[in-house]
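S.K.: Sharing a structure with you now.
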Amino acid sequence: MKNMVKFKYITTVLVCSLCMTSASACGSPKQENIDQGMQLIQQLQYEESLNFFDAALLDKENAQMSYRGQGLAYMGLTQYEKAVECLEKALTYSDAKLGEIDFDINYYLATAYYKQGELDKAKAVYESITALRPKEKTAYYLKGVVEIEQGDQEAAQADFDRAVEIDPEDYDMRINIFCSCSENGLQELGEGYLQAVLDSKDKKLTDYNRGRMNYYLGDYNNARNSLEKAKDSNGGVDVVRLLGQTYEKLGDNNYAASVYSNFLSTTPDAQIYNQLGLCNLKTGDYEAALNAFQSGLAIEGNQLMQVLSFNEIVAYEYLGDFKQATVLMQKYLSTYPDDEKALREYEFLQTR
Numbered sequence: 121m122k123n124m125v126k127f128k129y130i131t132t133v134l135v136c137s138l139c140m141t142s143a144s145a146c147g148s149p150k151q152e153n154i155d156q157g158m159q160l161i162q163q164l165q166y167e168e169s170l171n172f173f174d175a176a177l178l179d180k181e182n183a184q185m186s187y188r189g190q191g192l193a194y195m196g197l198t199q200y201e202k203a204v205e206c207l208e209k210a211l212t213y214s215d216a217k218l219g220e221i222d223f224d225i226n227y228y229l230a231t232a233y234y235k236q237g238e239l240d241k242a243k244a245v246y247e248s249i250t251a252l253r254p255k256e257k258t259a260y261y262l263k264g265v266v267e268i269e270q271g272d273q274e275a276a277q278a279d280f281d282r283a284v285e286i287d288p289e290d291y292d293m294r295i296n297i298f299c300s301c302s303e304n305g306l307q308e309l310g311e312g313y314l315q316a317v318l319d320s321k322d323k324k325l326t327d328y329n330r331g332r333m334n335y336y337l338g339d340y341n342n343a344r345n346s347l348e349k350a351k352d353s354n355g356g357v358d359v360v361r362l363l364g365q366t367y368e369k370l371g372d373n374n375y376a377a378s379v380y381s382n383f384l385s386t387t388p389d390a391q392i393y394n395q396l397g398l399c400n401l402k403t404g405d406y407e408a409a410l411n412a413f414q415s416g417l418a419i420e421g422n423q424l425m426q427v428l429s430f431n432e433i434v435a436y437e438y439l440g441d442f443k444q445a446t447v448l449m450q451k452y453l454s455t456y457p458d459d460e461k462a463l464r465e466y467e468f469l470q471t472r
């Protein structure tokens with residue numbers, strides 16, 4: 121381990137940022153098995169993908185990318201010890217000049233460590249990152265997340281401050297900081313990073329960003345006003361989703377549903393279908409909720425398959441179809457075996 125520069129990347133806070141880099145990124149002249157394996161990982165077929173990475177090693181394809189692929193597959197199977205072993209092997213093929221692929225592999229390695237609860241290693245990793253890349257805002261942010269979980273609020277705040285100082289206009293990061301603080305009982309600390317945006321009186325601040333700062337601060341009336349303006353100017357999926365959620369927070373679920381439905385009439389989107397389904401559950405229209413979740417699942421290549429699949433099961437439960445819910449839950453757990461909430465729900469279904 122001494123010859124490795126180790127990096128931390130925590131899926132629980134930045135899951136969407138993990139990229140599925142193909143083997144072609146390294147310019148390997150022979151990569152058929154690696155490409156097949158990566159495609160299977162993207163399809164959540166982790167067991168099947170391992171066969172291709174084994175074949176890639178036998179055929180002397182890019183060894184670093186082969187072991188990387190094995191590591192990702194084992195992570196998908198929640199076998200984190202094996203994932204660590206494979207990803208560490210991948211790093212032994214790094215040369216003296218660190219490239220982006222080395223950072224990528226280390227991010228996944230750190231995710232596996234984190235899943236094992238090795239927070240001390242996480243903190244050391246981020247210190248290594250910032251030593252190499254002093255402007256790496258994500259490293260400061262994620263180090264702060266680890267420190268919050270370790271109960272070191274002072275250190276976490278210092279790292280969050282540094283991350284924000286590097287890029288004051290990264291509003292996604294500010295929201296992530298807020299959420300991390302809120303989830304760990306530090307709501308007031310998190311709110312400060314959002315309120316600072318509103319207090320800055322920045323005339324360049326868009327209606328969407330002003331709206332979402334107010335949304336997370338709980339000022340739903342001002343959030344609605346700003347987001348309505350944003351919808352009128354561009355009406356993108358992020359604006360529509362948050363505007364609908366704002367109306368839900370204000371107690372107007374029927375209008376929220378109309379916001380989602382109007383958007384979906386011209387632009388099918390998995391996020392909005394999911395939100396519409398959740399809104400329908402609140403209003404007791406369980407058939408409509410089921411239809412919304414299934415419509416979202418029908419959109420190929422969407423990034424919400426796990427969420428939509430779970431919510432589809434919930435809709436069947438509300439409809440009283442426990443047999444179908446149980447069948448779908450068994451399939452769900454075969455793909456997402458470490459979902460503790462789903463495991464508890466499965467125990468409930470077995471009593472029905």
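Just so we're on the same page, this note's numbering is the position in the sequence shown counted from 1, plus 120. The beta-carbon is built from N, C-alpha and C at its ideal position, and this holds for glycine as well.
From which residue to which residue does the alpha helix (DSSP H) around S454 run?
M.R.: Here the alpha helix (DSSP H) through S454 covers F442 to T455.
S.K.: What residue from A435, D372, Y228 and F413 has the CA that sits closest to A242's CA?
M.R.: Closest option to A242, Cα to Cα, is Y228.
S.K.: So the alpha helix (DSSP H) A418 belongs to, where does it begin and stop?
M.R.: It is not in any alpha helix (DSSP H) - A418 carries neither H nor E in the DSSP assignment.
S.K.: Could you say which of N400, I268 and Y194 lies nearest to Y233 if we only look at CA atoms?
M.R.: That would be Y194, whose Cα lies nearest to the Cα of Y233.
S.K.: Just list the alpha helix (DSSP H) runs in the region 318 to 360, keeping only unbroken ones of 4 residues or longer that don't cross its boundaries, in chain order.
M.R.: 327 to 337 and 340 to 353, all fully within the region 318 to 360.
S.K.: Taking just the CA atoms, how far does K402 sit from A408?
M.R.: Those two C-alpha atoms are separated by around 11 Å.
S.K.: Evaluate the contact criterion for the region 251 to 270 versus the region 285 to 300: three or more CB pairs, one atom per stretch, below 8 Å.
M.R.: Yes: the two stretches touch, three or more of their Cβ pairs being nearer than 8 Å.
S.K.: Whose C-alpha, out of E348, D389, P388 and A390, is nearest the C-alpha of Y375?
M.R.: Among E348, D389, P388 and A390, the Cα nearest to that of Y375 belongs to E348.
S.K.: What is the rounded straight-line gap between the Cα of K321 and the Cα of L396?
M.R.: The straight-line gap from Cα to Cα measures roughly 34 Å.
S.K.: Going by Cα to Cα distance, which pick from L218, G312, F298 and S186 is closest to G207?
M.R.: At residue 207 the sequence reads Leu, which differs from the Gly that was named. The option with the nearest alpha carbon to L207 is S186.
S.K.: Can you tell me where the alpha helix (DSSP H) holding R472 begins and where it ends?
M.R.: Neither: R472 is in no alpha helix (DSSP H) and is coded neither H nor E.
S.K.: Leaving aside the five residues before and after R478 along the sequence, list all residues of the same chain whose C-beta is less than 7 Å from its C-beta, in chain order.
M.R.: Given that the chain is displayed from residue 121 to residue 472, the structure contains no residue 478 and the question cannot be resolved.
S.K.: Would you check if there are 3 or more beta carbon pairs closer than 8 Å linking the region 414 to 432 to the region 383 to 390?
M.R.: At 8 Å Cβ cutoff, the stretches touch.
S.K.: Would you call the region 330 to 343 and the region 307 to 317 in contact, with 3 or more CB pairs under 8 Å?
M.R.: Taking 8 Å as the limit for Cβ pairs, the verdict is that the region 307 to 317 does touch the region 330 to 343.
S.K.: Measuring CA to CA, which of R253, E247, A251 and K255 is closest to E267?
M.R.: It is E247.
S.K.: According to DSSP, simplified to helix, strand and coil, what is G237?
M.R.: Three-state result, G237: coil.
S.K.: Could you tell me the alpha carbon to alpha carbon distance between F172 and D224, rounded to whole angstroms?
M.R.: For F172 and D224, the distance between alpha carbons rounds to 21 Å.
S.K.: Could you check what DSSP says for Q270 in three-state terms: helix, strand or coil?
M.R.: Correct three-state label for Q270: coil.
S.K.: Starting from E181, trace the alpha helix (DSSP H) both ways and give me its first and last residue.
M.R.: Note, E181: premise wrong, no alpha helix (DSSP H); not H, not E.
S.K.: Which term fits G264, buried or exposed, when burial requires 16 or more other beta carbons within 10 angstroms of its beta carbon?
M.R.: Counting Cβ neighbours within 10 Å, G264 comes out buried, since at least 16 surround it.
S.K.: Applying the 10 Å Cβ sphere with the 16-neighbour rule, what's the burial state of T366?
M.R.: Per the 10 Å Cβ criterion, buried.
S.K.: Can you tell me whether S300 is helix, strand or coil according to DSSP?
M.R.: Helix, per DSSP.
S.K.: Does the Cβ-Cβ distance between S169 and G189 come in under 8 Å?
M.R.: Against a cut-off of 8 Å, the Cβ pair of G189 and S169 comes out as a contact.
S.K.: Measuring only the C-alpha atoms, how far is D222 from E420?
M.R.: Cα to Cα, the separation comes out at about 31 Å.
S.K.: What separation, rounded to the nearest whole angstrom, lies between the Cα atoms of E368 and C399?
M.R.: The alpha-carbon atoms of E368 and C399 are separated by roughly 8 Å.
S.K.: In terms of residues, what are the limits of the alpha helix (DSSP H) holding Q162?
M.R.: Counting along the chain, the alpha helix (DSSP H) containing Q162 begins and ends at E152 to Q162.
S.K.: Buried or exposed: D357, going by 16 or more other Cβ atoms within 10 Å of its Cβ?
M.R.: This sequence places Val at residue 357; Asp is not what is there. The residue in question, V357, is exposed, as its Cβ has fewer than 16 Cβ neighbours within 10 Å.
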